[in-house]
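Number of protein chains: 2
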Amino acid sequence: MKKTRLKKYAELIVKMGINVQKGQDVIINCGLDQPEFVKMVVDYCYKFGARKVTVDWYYQPLDKLHNRYCSIKTLASVEKWQLEKWQHRVDTLPAILFIDSDNPDGLKGINEEKSAKARMKSYPLIKPFRDAMENKYQWCIAAVPGKEWAKKIFPNLSTAKAMEKLWEAILYTARVDEDPIKAWELHNKDLADRCAYLNSLHLKNLYYKSNNGTNFRVGLLPNALFMGGEEVTLDRNIHFNPNIPSEECFTSPRKGDIEGVVYASKPLSYNGQLIENFWFKFENGRVTEVHAEKGEEVLRHMVKMDDGASMLGEVALIPYKSPISDLNILFYNTLFDENASCHLALGTGFTNAIKDFEKYTNEELHEMGINESMIHVDFMIGNKDLSIVGETMSGEKIQIFKDGNWAF
Amino acid sequence: MKKTRLKKYAELIVKMGINVQKGQDVIINCGLDQPEFVKMVVDYCYKFGARKVTVDWYYQPLDKLHNRYCSIKTLASVEKWQLEKWQHRVDTLPAILFIDSDNPDGLKGINEEKSAKARMKSYPLIKPFRDAMENKYQWCIAAVPGKEWAKKIFPNLSTAKAMEKLWEAILYTARVDEDPIKAWELHNKDLADRCAYLNSLHLKNLYYKSNNGTNFRVGLLPNALFMGGEEVTLDRNIHFNPNIPSEECFTSPRKGDIEGVVYASKPLSYNGQLIENFWFKFENGRVTEVHAEKGEEVLRHMVKMDDGASMLGEVALIPYKSPISDLNILFYNTLFDENASCHLALGTGFTNAIKDFEKYTNEELHEMGINESMIHVDFMIGNKDLSIVGETMSGEKIQIFKDGNWAF
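Residue numbers (our numbering), protein chains in the order written: chain A, 36 to 443; chain B, 36 to 443.
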């Protein structure tokens, strides 16, 4: 991959992704796969005025060892210094960047029950800090190729060729061309227009139907808005793009108001483990049946993580024909696959989907019907015959999706 | 490199290096060069009973960016959570492993003054914690090949061949053969015997002379012992080997009692910057002149880091003919080069060199004449015509080294 193109991508992430402010701290969380690219990103962070950039490197294969040898108590332990570190984040509100290159089934075979129990134990300790930061800082998830990931997508290519091809795909989906920043400004405008139209319909229900068996209804909140593309931090009003790429118009549905059966249309990599050919049945807004040809155990633990883990936090609309789906690549990575397909997410919803959310406390926003959970797991449901019909507050039915694509 | 041989090396580091205890935490500090080897080390740590193993990865090239863009204040800042993290180390006494693969001149061209000032500012904040841990935990420095380092040593080989050759050299010097653990038990015995003989002489002075211009005297402390190979932690009496490889018999000299001129016989990589062809003049135990053909600026900042930085903390004896020097490789890395050559170190001395050191406070040990500083920088002075004559308490002169090798 040409260095000039990679530099454009690094600049895009820093400028449009986390939009680093003068004097702000930056934390970068990433694997060991592309240190030279990470260096470019760090360089841009400083050029845009970052006070201090900290890179927290991690190596996914070690998580397998921790899972095997450590007790749940050890896995779940959060030391005093770690709580102080969270407090420091709350106090300084750094921009946080996640650069993903994980092997989609890098944690295959771990003891999922142990892992889930540990996460359940540690989550309450960290939650107060996460809550205190919510909607107040810029964050972004972007991706770079890792060898195992590239070989998973392109198993018949050499590692070098697979890596090259994955770089190509990542840069294409991230609109890294002549002028990526300009392209994202236009793209954000386009997503905003589409959301404005959806919001003008005042929908109270979405009815999903497909020949694959999907047949269900999602209830929407009267004061929840569809959002897409860039977001804005509270207080400091800093624009940022939480996902690169992003093609979705999404909102948070009404907690407890989902009925029917929904089939996944793509595999899901959850915590380094692949789940394939699965479906859920929802009753009174809650998952009551779980089936998967592969990874059912993982899925079962997932929906039991806490009270909100079996309810939906997100509904996202993406046409079957989109720049990412046109590539016709199964990425085995949510950041890409969710942007090539209508999807839902189990777990926590977006408090900032509520109109004028800044006027309410988090508790009030959750009481309004935004789901709350320690998990937020997107899964893909879009396919080429998906139909979505919206029902407005006044009972009018409007075709939103037809044959997998926007109907308007 | 064969996996079975690497596993032996990993086991050696964990068993003989840091000697991980059941239920103990381990911290590993390493670059990004050999993650698969690091994984083997983590696996052994757990197999030997570690409670939790934490790997702190770092990427040397980022330090150049931090140095360029951050203010001294930012570089020197130690946040409250970082102090808590140090306190946690003091409370739990984890074993700490450093796996070095740095490019010997990876930080060439950084603003050394800025770097030195930042270190001087942050050191006093961390010192109380370091003091509280001193001699109480196991630690070890070992090495693995990094690409830039390998190419620095073998510039005419391809990167792959240079890496292979550096692995060979590292494993050879670390005695990774049939039974490395047995080999280290024998080696430790040998070093202990040699130190016992040196200690039986009750030396008060060492006189160094070489045709390269070296001509100086080092005063020794009556109650300081020569040590070599394995050490033992205070309180818990855990044996460990702080350096792999290690060929030296060393002690801490009497602070303020060094006179004359000493020429370095090998280059020195200090903080990622190479210093070549240098010499020091000592008066009343303190460096009063510094000369270097390359890197003099770095050296000048180094000896001014604090009051103890211009005084000696270590005197180490290694024959010119030794397993490491027989390889005839200039490693540009202190861990290896110091073990192929008599050396000295500017900066802090070893409080545990004092007989029955556990009976004294750190303050008392420094008052006895052990130098104290934030730095400890070894530099090599051995060569093939080096003569060292020892003078005993009773004034008798004994040849210790002749023509670069042990005279006895």
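All C-beta atoms in this analysis are idealised placements derived from N, C-alpha and C, irrespective of residue type, glycine included. Bear in mind the structure is a predicted one, so any value in this text is a computation, not a measurement.
For A:R86, go through chain B and note every residue whose CB falls closer than 7 Å to its CB, in chain order.
Residue 86 of chain A sits at position 51 when you count from the first residue of the first sequence. Chain B residues near A:R86: T109.
Simplified DSSP assignment, three categories, for A:A153:
For this step, residue 153 of chain A is matched to residue 118 along the first sequence. Correct three-state label for A:A153: helix.
What are the boundary residues of the beta strand (DSSP E) that B:H326 is part of?
Position 291 of the second sequence, counted from the start, is the residue given in the question as residue 326 of chain B. That run of the beta strand (DSSP E) goes 321-329.
Helix, strand or coil for B:C284? Go by DSSP, reduced to three states.
For the purposes of this step, residue 284 of chain B is taken as the residue at position 249 of the second sequence. Correct three-state label for B:C284: strand.
Starting from the N-terminal side, write out each stretch of the alpha helix (DSSP H) that is 4 residues or longer and does not extend beyond the region 101-146 of chain B.
107-111, 115-127
Looking at the structure shown, is A:L177 part of a helix, part of a strand, or coil, going by DSSP?
For the purposes of this step, residue 177 of chain A is identified with residue 142 of the first sequence, where counting begins at 1. According to the sequence provided, residue 177 of chain A is Ala. The question's Leu does not apply to it. Correct three-state label for A:A177: strand.
Is A:D413 buried or exposed, if buried means 16 or more other CB atoms sit within 10 Å of its CB?
Numbered from 1 along the first sequence, position 378 holds the residue referred to as residue 413 of chain A. Burial call: buried.
Decide if B:N409 is buried, meaning its Cβ has at least 16 other Cβ atoms within 10 Å, or exposed.
On the second sequence, residue 409 of chain B is found 374 positions in, with the first residue counted as 1. Contrary to the premise, residue 409 of chain B reads as Met rather than Asn in this sequence. Buried, because 16 or more other Cβ atoms sit within 10 Å of the Cβ of B:M409.
Could you tell me how far apart the beta carbons of B:Y44 and B:V211 are, in whole angstroms, since I believe they sit closer than 8 Å?
The count along the second sequence starts at 1 and reaches residue 44 of chain B at position 9. The count along the second sequence starts at 1 and reaches residue 211 of chain B at position 176. Right, their Cβ atoms sit about 5 Å apart.
Could you tell me if A:F251 is buried or exposed, where buried requires 16 or more neighbouring beta carbons within 10 angstroms of its beta carbon?
Position 216 of the first sequence holds residue 251 of chain A. Answer is buried; the Cβ neighbour count reaches 16.
For A:V338, I'd like the list of residues in its chain whose CB is within less than 7 Å of its CB, leaving aside the five on either flank, ordered along the chain.
Position 303 of the first sequence holds residue 338 of chain A. Once the five neighbours on either side are set aside, the close Cβ partners of A:V338 are V322, V325, A344, S345, L381.
Excluding the 5 residues preceding and the 5 following A:F436 in the sequence, name in chain order all residues of the same chain whose CB lies nearer than 8 Å to its CB.
Indexing the first sequence from 1 puts residue 436 of chain A at position 401. Excluding residues within five positions, the ones whose Cβ falls inside 8 Å are L352, P354, C377, L421, S422, I423, A442.
So the candidates are A:F371, A:Y93, A:T427, A:D98; which of them puts its Cα closest to the Cα of B:G66?
Sequence index remark: in the second sequence, residue 66 of chain B carries index 31 (1-based). B:G66 has its Cα closest to that of A:Y93, out of A:F371, A:Y93, A:T427, A:D98.
Unbroken stretches of the beta strand (DSSP E), 3 residues or longer, contained in the region 302-369 of chain B
303-305, 308-318, 321-329, 347-352
Excluding the 5 residues flanking B:G141 on each side, which residues of the same chain have their C-beta closer than 6 Å to its C-beta?
Taking the second sequence and counting its residues from 1, the one referred to as residue 141 of chain B is at position 106. Here the set comprises Q95, G307.
Look up B:Q59 in the DSSP assignment and say whether it is helix, strand or coil.
As a working mapping, residue 59 of chain B is identified with position 24 in the second sequence. Three-state DSSP puts B:Q59 in coil, outside helix and strand.
Out of B:L255, B:S304, B:M155, state which residue places its alpha-carbon closest to the alpha-carbon of B:N234.
Taking the first residue of the second sequence as 1, we reach residue 234 of chain B at position 199. Ranking the options by Cα distance to B:N234, first place goes to B:L255.
Which residues in chain B have a C-beta closer than 7 Å to the C-beta of A:C105? List them in chain order.
Here residue 105 of chain A corresponds to residue number 70 of the first sequence, with the count starting at 1. Under the 7 Å cutoff, chain B gives K87.
Report the option in B:K82, B:P257, B:C284, B:T386 whose CA atom is closest to the CA atom of B:K57.
On the second sequence, residue 57 of chain B is found 22 positions in, with the first residue counted as 1. If we check each option's Cα against that of B:K57, B:K82 comes out closest.
Confirm, please, whether the CB-CB distance from B:N64 to B:D98 is below 8 Å.
Looking up residue 98 of chain B in the second sequence gives position 63. Looking up residue 64 of chain B in the second sequence gives position 29. No; because the gap between Cβ atoms is not below 8 Å, this pair is not in contact.
Please name the residue, chosen from A:Q69, A:H237, A:N397, A:E266, that lies closest to A:F164 on a Cα-to-Cα basis.
As a working note, residue 164 of chain A is residue 129 in the first sequence. Minimum Cα distance to A:F164 is reached at A:N397.
Chain B partners of A:H123, CB-CB under 8 Å?
Taking the first residue of the first sequence as 1, we reach residue 123 of chain A at position 88. Those within 8 Å of A:H123 in chain B are E114, K115, W116.
Delimiting residues of the alpha helix (DSSP H) encompassing A:S422
Locating residue 422 of chain A in the first sequence gives position 387, counting from the first residue. Taken as a continuous stretch (DSSP letters only), A:S422 belongs to no alpha helix (DSSP H), being part of the beta strand (DSSP E) at 422-427.
With DSSP run on the structure shown, which of helix, strand or coil describes B:T194?
As a working note, residue 194 of chain B is residue 159 in the second sequence. If DSSP states are grouped into helix, strand and coil, B:T194 belongs with the helices.
What does DSSP give as the partner residues of A:M9 in its beta bridges?
The first residue shown for chain A is 36 and the last is 443, placing residue 9 of chain A beyond what the model contains.
Whole-Å CB distance - A:A227 paired with A:G264, under 8 Å assumed
As a first step, residue 227 of chain A must be located in the first sequence, where it is residue number 192. As a first step, residue 264 of chain A must be located in the first sequence, where it is residue number 229. At roughly 6 Å, the Cβ-Cβ gap stays under 8 Å, so A:A227 and A:G264 are in contact.
Could you tell me which of B:T268, B:L334, B:E283 sits nearest to B:Q173, measuring between CA atoms?
In the second sequence, the residue the question calls residue 173 of chain B occupies position 138. The shortest Cα separation from B:Q173 among B:T268, B:L334, B:E283 belongs to B:T268.
Coil, strand or helix - A:F414 by DSSP
Start at 1 with the first residue of the first sequence, and residue 414 of chain A comes out as number 379. If DSSP states are grouped into helix, strand and coil, A:F414 belongs with the strands.
Decide if A:Q69 is buried, meaning its Cβ has at least 16 other Cβ atoms within 10 Å, or exposed.
For this step, residue 69 of chain A is matched to residue 34 along the first sequence. Its Cβ being crowded by 16 or more others within 10 Å, A:Q69 is buried.
Spell out the partners DSSP gives B:W441 in its beta bridges.
For this step, residue 441 of chain B is matched to residue 406 along the second sequence. Its beta-bridge partners are B:F436.
Looking at the strands, I want to know which residues DSSP matches up with B:H378.
What you label residue 378 of chain B is simply residue 343 of the second sequence in a count that begins at 1. For B:H378, which the question treats as bridged, DSSP gives the partners B:A351, B:M415.
As assigned by DSSP and simplified to three states, the class of A:K37
Taking the first residue of the first sequence as 1, we reach residue 37 of chain A at position 2. Three-state DSSP puts A:K37 in coil, outside helix and strand.
Using a Cβ-Cβ cutoff of 7 Å, what residues of the region 324-352 of chain A are near chain D? List them in chain order.
In the structure shown, chain D cannot be found, because the protein chains are A and B.
Partners in chain B for A:D98, counting only beta-carbon separations shorter than 8 Å
On the first sequence, residue 98 of chain A is found 63 positions in, with the first residue counted as 1. Within 8 Å Cβ-Cβ: nothing; A:D98 doesn't reach chain B, min ~11 Å.
Please classify A:L221 as buried or exposed, where buried requires at least 16 other C-beta atoms within 10 Å of its C-beta.
For this step, residue 221 of chain A is matched to residue 186 along the first sequence. The residue is exposed, with fewer than 16 neighbouring Cβ atoms inside 10 Å.
For A:R86, report the span of its beta strand (DSSP E) as first-last.
Taking the first sequence and counting its residues from 1, the one referred to as residue 86 of chain A is at position 51. Neither: A:R86 is in no beta strand (DSSP E) and is coded neither H nor E.
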